[in-house]
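Trainee:
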Amino acid sequence: MFTAWRLDQTDQGFKAALGPCEDSELPDGDVTVAVEYSTLNYKDALALTNRGPVVRRWPMVPGIDGAGTVLESTHPDWHPGDRWLLNGWGVGETHWGCLSQRARLRADWLIPLPKAFTARQAMALGTAGYTAALCVLALERQGVSPSQGSVLVTGASGGVGSVAVALLAEAGWTVAASTGKLQEEAYLRALGASEIIDRNTLSSPGKPLQKERWAAVVDTVGSHTLANACAQTCWGGVVAACGLAGGMDFPTTVAPFILRGITLAGIDSVMQPRAARTQAWQRLSERLDGSMLDRITQEVPLDQAAAAAQTLLDGRVRGRIVVKI
């Protein structure tokens, strides 16, 4: 028996409860693991509060990220005692997730926990940090570099944005951080931002082409913010789009793409192959230190995950929330 958050949808409505589960209830998989830490992403918060259509199978244990130790395995690549890390793959949506003391997962979904990180540090990054690394790697693959100008990060005080600011600053970029929390200026400058921009300057409808400002962009917001970021990107620049905090729409024209030759690179973190995941986590382990992770992280116990999820959706969280299982 183990303890987990269980989400269910019945004739009486939605229910989220922390309670005991039997091992026999665990779904199919070839690796059974002990979860030491998970984290709260925006998607987890939506699932725990039923504020968005995240869960597609009931009942469900939420938690799209996890890290810990292998207990049992029928797969040759994994053995009891091995240290593992998981991001995405539909876990917490269609397959029981990691806001739980125990999980049963597919071996192909796991990668080894980087030696540079503890389970807690890995979850201080979680899908948000891993997504930020994917964005930075995408910019590099498209050939943009700090010598070409500044980089804009939108939603900079959030989880993806915070890590993106730190990674880009470490790589030598001059980083402009867009945020709706101007009181977090000191926090963002400590991560490496050189300029702080009020998100309101990007969140309203704008012209299809605007003054060229950015050699590159990491956008976590979408909607008008993404459209304006594209309109302000310099000739030949690259925009990595990974989020929709401001909406799923993209109200722009083809002008930035055919008149300035910019590239819009979409970033999906859920279904990335193992090689891409390993590369992203290698970048994180090489470029970030524990002191930075401490600055962007707050920890809550498992029984406070639902309350923390509500705080996250209310916009009252900066950086990352790790959940100690």
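Count along the sequence shown starting at 1, add 402, and that's the number in the working numbering. Every residue, glycine too, gets a C-beta built ideally from N, C-alpha and C. As the structure is a computational prediction, the values presented were derived from the model and not from experiment.
#1: Looking at the secondary structure, which residues open and close the alpha helix (DSSP H) in which T533 lies?
#2: Should the segment 425-444 be regarded as contacting the segment 503-521, the criterion being three or more beta carbon pairs within less than 8 Å?
#3: Would you kindly report the start and end of the unbroken beta strand (DSSP E) that includes I598?
#4: Can you look up I727 in the DSSP assignment and give me helix, strand or coil?
#5: Are the segment 657-672 and the segment 630-641 touching by the rule of at least three beta carbon pairs closer than 8 Å?
#6: Strictly under 8 Å for the Cβ-Cβ distance: is G465 near chain B by that measure?
#7: At which residue ranges does the segment 606-635 contain complete alpha helix (DSSP H) runs of 4 or more residues, listed in the order of the chain?
#8: Can you grab the Cα-Cα spacing for the pair A518 / A524, in whole Å?
#9: From which residue to which residue does the beta strand (DSSP E) around P675 run?
#10: Just to confirm before moving on: does the CB-CB distance between L536 and L512 stay below 8 Å?
#11: Looking at C-beta atoms only, is the number of pairs between the segment 466-480 and the segment 433-448 that lie closer than 8 Å three or more?
#12: So, is H481 buried or exposed, given that buried needs 16 or more other C-beta atoms within 10 angstroms?
#13: With distances taken between CB atoms, is the gap from A617 to G551 smaller than 8 Å?
#14: Please report the Cβ distance between Q642 and A678, rounded to the nearest whole angstrom; I am assuming they are in contact, meaning their Cβ atoms lie under 8 Å.
#15: Tell me which same chain residues have a C-beta within less than 6 Å of the C-beta of W491, skipping the five on either side of it?
#16: Kindly list the residues whose CB is nearer than 7 Å to the CB of Q712, restricted to its own chain and excluding five residues on each side of it in sequence; keep chain order.
#17: Could you check how far apart the C-beta atoms of V620 and A566 are, in whole angstroms? I think they sit under 8 Å.
#18: At the level of alpha carbons, what is the spacing between P455 and A449?
#19: Using 8 Å as the threshold, is the C-beta distance between L590 and A633 below it?
#20: Assuming T622 and G563 form a contact by the criterion Cβ under 8 Å, report the distance between their Cβ atoms to the nearest whole angstrom.
#21: For L584, which residues of its own chain have a beta-carbon under 8 Å away from its beta-carbon, when the five flanking residues on both sides are left out?
#22: Where are the beta strand (DSSP E) runs, 3 residues long or more, that stay fully inside the segment 543-594, in chain order?
#23: Tell me which same chain residues have a C-beta within less than 8 Å of the C-beta of Y532, skipping the five on either side of it?
#24: Using the three-state DSSP reduction, which class does W460 fall into: helix, strand or coil?
#25: Check for me: the beta strand (DSSP E) holding Q712 runs from which residue to which?
#26: Which one or two residues does DSSP pair with D510 in a beta bridge?
#27: So if DSSP puts G638 in a beta bridge, which residue, or which two residues, is it bridged to?
#28: Thinking just about the alpha-carbon of each residue, which of D432, G415 and T434 is nearest to the one in P461?
Mentor: Let's see:
#1: A521 to R543 is the span of the alpha helix (DSSP H), which, as asked, contains T533.
#2: They touch, by the three-pair rule.
#3: Residues A595 to D600.
#4: The answer is coil: DSSP assigns I727 none of H, G, I, E or B.
#5: With a cut-off of 8 Å, the segment 630-641 and the segment 657-672 count as touching, because enough Cβ pairs lie within range.
#6: Chain labels in this structure do not include chain B; a single protein chain is all it has.
#7: For the alpha helix (DSSP H) assignment, the uninterrupted runs of no fewer than 4 residues enclosed by the segment 606-635 are, from N- to C-terminal side, 625-633.
#8: Spanning the two alpha carbons is a distance of roughly 9 Å.
#9: First-last for P675: undefined, no H or E at that position.
#10: L536 is not a Cβ neighbour of L512, given a cutoff of 8 Å.
#11: The answer is yes - the segment 433-448 touches the segment 466-480, with three or more Cβ pairs under 8 Å.
#12: Looking at its Cβ environment, which holds fewer than 16 other Cβ atoms inside 10 Å, H481 is exposed.
#13: Annotated as proximal: A617 and G551, with beta-carbon spacing under 8 Å.
#14: The question names Gln, but residue 642 is Ala in the sequence shown. With 8 Å as the limit, A642 and A678 do not qualify as a contact, their Cβ atoms being about 14 Å apart.
#15: Result list for W491: W511, in chain order.
#16: Excluding five sequence positions before and after Q712, the CB atoms of its chain that fall closer than 7 Å to its own CB belong to T451, given in chain order.
#17: Approximately 5 Å separates the beta-carbon atoms of V620 and A566; this is inside 8 Å, confirming the contact.
#18: Rounded to whole angstroms, the gap between the alpha carbons of P455 and A449 is 7 Å.
#19: The criterion of a C-beta distance shorter than 8 Å is not satisfied by L590 and A633.
#20: About 5 Å separates the CB atoms of T622 and G563; that is less than 8 Å, so the two are in contact.
#21: Cβ neighbours of L584 beyond the five flanking positions: I598 and D600.
#22: Counting whole runs of 3 or more residues, the segment 543-594 contains the beta strand (DSSP E) stretches 552-555 and 577-581.
#23: Hits under 8 Å: N489, S671, R679, A682, W683 and L686.
#24: Residue state, collapsed to three classes: coil.
#25: Here Q712 belongs to no beta strand (DSSP E); instead the alpha helix (DSSP H) covers A707 to L715.
#26: Per DSSP, D510 has no beta bridge partner at all.
#27: According to DSSP, which records beta bridges pairwise, G638 is partnered with nothing at all.
#28: The candidate whose alpha carbon is nearest that of P461 is G415.
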